[in-house]
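Visitor:
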Amino acid sequence: MPGAIIEVRDGRAEWRATSGVARLSDGRRVRAGDRFRAGSVTKSFVATVVLQLVAERRIGLDDPIEQHLPGLVPPGRHGEHVTVRQLLNHTSGLPDYLADVLLQRPDAIRALRSARYTPRELVAMAVAKGWKFDPGTQGAWAYSNTNYVVLGLLVERVAGHSLGQEIARRIIRPLHLTDTSFPSSAQLPGPHMDGYEWLDGPAADPADLTEYSPAILWSAGTLISTVHDLNSFFRELAEGKLLPAHLLREMRTMRAMGSDRPGRSYGLGLEGNVNYCHWQGPVWGHSGSVAGYNTFSFTTADGRRQVTLALSRDFTKTPEADAAARRILTTTLCGPGHGNDPGEVRAFRGSTDFRYGPVRMPLQSACFRRPTSALRTRTRAPAVSITPAPYTPRAHDDANTLEPRRRPSGSFRDNPQVRSNSPSRASRTKARHSAGVKINAGSSGLRRLRIAM
Numbered sequence: 458m459p460g461a462i463i464e465v466r467d468g469r470a471e472w473r474a475t476s477g478v479a480r481l482s483d484g485r486r487v488r489a490g491d492r493f494r495a496g497s498v499t500k501s502f503v504a505t506v507v508l509q510l511v512a513e514r515r516i517g518l519d520d521p522i523e524q525h526l527p528g529l530v531p532p533g534r535h536g537e538h539v540t541v542r543q544l545l546n547h548t549s550g551l552p553d554y555l556a557d558v559l560l561q562r563p564d565a566i567r568a569l570r571s572a573r574y575t576p577r578e579l580v581a582m583a584v585a586k587g588w589k590f591d592p593g594t595q596g597a598w599a600y601s602n603t604n605y606v607v608l609g610l611l612v613e614r615v616a617g618h619s620l621g622q623e624i625a626r627r628i629i630r631p632l633h634l635t636d637t638s639f640p641s642s643a644q645l646p647g648p649h650m651d652g653y654e655w656l657d658g659p660a661a662d663p664a665d666l667t668e669y670s671p672a673i674l675w676s677a678g679t680l681i682s683t684v685h686d687l688n689s690f691f692r693e694l695a696e697g698k699l700l701p702a703h704l705l706r707e708m709r710t711m712r713a714m715g716s717d718r719p720g721r722s723y724g725l726g727l728e729g730n731v732n733y734c735h736w737q738g739p740v741w742g743h744s745g746s747v748a749g750y751n752t753f754s755f756t757t758a759d760g761r762r763q764v765t766l767a768l769s770r771d772f773t774k775t776p777e778a779d780a781a782a783r784r785i786l787t788t789t790l791c792g793p794g795h796g797n798d799p800g801e802v803r804a805f806r807g808s809t810d811f812r813y814g815p816v817r818m819p820l821q822s823a824c825f826r827r828p829t830s831a832l833r834t835r836t837r838a839p840a841v842s843i844t845p846a847p848y849t850p851r852a853h854d855d856a857n858t859l860e861p862r863r864r865p866s867g868s869f870r871d872n873p874q875v876r877s878n879s880p881s882r883a884s885r886t887k888a889r890h891s892a893g894v895k896i897n898a899g900s901s902g903l904r905r906l907r908i909a910m
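Residue numbers 458 to 910, in my numbering, belong to the letters of the sequence shown in order.
1. Helix, strand or coil for residue 658, going by three-state DSSP, please let me know.
2. Please list the terminal residues of the continuous alpha helix (DSSP H) segment that includes residue 605.
3. Tell me which residue opens and which closes the beta strand (DSSP E) that residue 464 is part of.
4. Provide the residue span of the alpha helix (DSSP H) that contains residue 508, from first to last.
5. Assuming residue 760 and residue 752 form a contact by the criterion Cβ under 8 Å, report the distance between their Cβ atoms to the nearest whole angstrom.
6. Looking only at its chain, what residues have a beta carbon closer than 6 Å to the beta carbon of residue 495, apart from the 5 residues adjacent to it on each side?
7. Excluding the 5 residues preceding and the 5 following residue 447 in the sequence, name in chain order all residues of the same chain whose CB lies nearer than 7 Å to its CB.
8. With DSSP as the reference, identify every bridge partner of residue 588, one or two as the case may be.
9. Could you say which of 631, 497, 527 lies nearest to residue 603 if we only look at CA atoms?
10. Of the choices 770, 749, 728, 531, whose alpha-carbon is the least far from that of residue 715?
11. Considering just the uninterrupted stretch of the alpha helix (DSSP H) at residue 783, what are its terminal residues?
12. Does the segment 692 to 706 touch the segment 473 to 481, meaning 3 or more C-beta pairs lie closer than 8 Å?
13. Are the beta-carbon atoms belonging to residue 652 and residue 749 less than 8 Å from one another?
14. DSSP state of residue 621, grouped into three classes?
15. Quick check for students: name the residue ranges of the alpha helix (DSSP H) that lie wholly in the segment 695 to 722, counting only runs of 4 or more.
16. On the CB-based measure, 16 or more other CB atoms within 10 Å of its CB, does residue 741 come out buried or exposed?
17. Within the continuous beta strand (DSSP E) that includes residue 568, where are the two ends?
18. Quick one: what's residue 728 bridged to in DSSP?
19. Please report the distance separating the alpha-carbon of residue 538 from that of residue 572.
20. With a threshold of 6 Å on Cβ separation, who are the neighbours of residue 463 within its own chain once the five nearest residues in sequence on each side are excluded?
21. With DSSP run on the structure shown, which of helix, strand or coil describes residue 599?
22. Any idea if residue 623 is buried or exposed, counting beta-carbon neighbours within 10 angstroms, 16 or more meaning buried?
23. Within its chain, find whatever has a CB closer than 7 Å to the CB of residue 676; leave out the 5 residues flanking it on each side and keep chain order.
Laid out in structure tokens, this is it:
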């Protein structure tokens with residue numbers, strides 16, 4: 458695994474750690490604020506915008522999509538029309554244009570790097586495959602990126618602006634997610650982790666897939682973000698700052714994904730998973746999987762703790778790396794003693810008393826064992842108003858131009874009490890030269906989190 462970033466939040470406390478390199482060509486170390494492609498975490502953003510339009514009574518959850526986008530999606534085999542709700546929770550029966558069509562082609566991951574498709578062309582590919590099942594069939598569920606491409610077109614039709622503009626106006630700018638963007642070009646702007654896949658086998662050179670056409674995923678998975686921004690988004694969502702209570706309940710109304718994905722369920726743009734902390738209830742959030750990047754962003758059932766883990770390899774990562782990622786997520790989401798055995802339950806002393814044991818994610822090659830360490834504890838920024846700002850067209854609304862990050866009042870450097878509890882320069886230097894990434898004890902009771910990659 459070339460690089461990894463994690464941020465853990467619990468209440469007002471916050472920890473970040475990094476491991477590995479952001480770029481194999483020059484060995485630059487990963488930084489906690491590096492951007493990456495968030496993949497299907499995009500779906501939670503799109504679903505939030507759709508539900509905001511529902512709250513504004515501009516669309517209805519049970520509206521047939523034919524009412525807003527006539528002719529785009531034909532009726533089912535028995536004349537059923539797909540509804541907005543069925544698109545959001547993947548019960549439409551539409552095939553997945555990506556998994557069922559594009560990725561079936563030879564050397565698809567490389568070939569799609571510069572591909573150009575319109576959203577309507579992507580939907581047409583799926584429709585041509587025929588229905589997986591009739592829309593709304595009882596007990597039927599099938600994950601399909603096509604559903605969210607249709608929803609992206611719905612947002613543009615109803616709102617009258619591009620999807621990128623609506624996401625920026627309703628979510629990115631109000632929440633000050635200054636490292637998050639909905640790109641219209643293949644570039645990944647600003648400081649970032651490069652994404653890699655070993656497409657020709659583990660002994661061959663990796664393919665650098667950092668630059669990738671956004672036309673392949675669009676509203677299904679093209680978002681660029683950071684671990685900090687994704688945690689901020691899911692916290693504000695969980696606290697009801699983005700949606701009214703009844704629509705947040707709708708979003709969290711889950712249905713089982715199927716026997717091939719035990720313990721996992723899906724709501725309206727949110728994934729539920731009981732495999733991490735089954736004794737505490739499901740965690741909510743979304744995972745993301747695109748060429749070169751794998752993202753996990755989840756919030757505990759009580760909304761207090763957020764964890765986002767980003768990796769710079771996905772389709773070709775090893776089973777050992779997958780297992781290590783699961784252990785890291787279980788340990789950070791669920792508390793002490795749960796990194797290896799999900800059935801092992803130990804006493805957990807309060808929401809900020811982390812007593813983590815070692816968590817290891819081995820790398821394939823020793824040449825990538827370049828540890829870095831990042832630890833920052835700071836007070837949470839004051840709550841912000843989530844009311845969308847009046848829309849003013851600007852030339853760079855669809856571009857990758859991002860505003861500079863503003864430091865919130867009460868931040869780490871502005872709070873002497875928090876700063877005094879942070880690790881010293883000597884302890885950070887010692888951690889950088891140790892065999893792995895360590896987060897050492899602070900006032901919160903966090904004993905140690907080690908990611909030896």
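The C-beta atom is built at its ideal place from N, Cα and C for all residues, glycine as well.
Guide: According to the structure shown:
1. coil
2. 602 to 616
3. 460 to 467
4. 499 to 512
5. About 20 Å separates the two Cβ atoms, so there is no contact after all.
6. 680, 682, 745, 752
7. For the chain, the structure presents residues 458 to 910; residue 447 sits outside this window and is missing.
8. Paired residue(s): none; residue 588 is not in a bridge.
9. 497
10. 728
11. 776 to 791
12. no
13. yes
14. helix
15. 702 to 708
16. buried
17. Residue 568 -> not in any beta strand (DSSP E); alpha helix (DSSP H) instead, spanning 565 to 568.
18. 723, 742
19. 31 Å
20. 474, 766
21. coil
22. buried
23. 499, 503, 605, 606, 608, 609, 620
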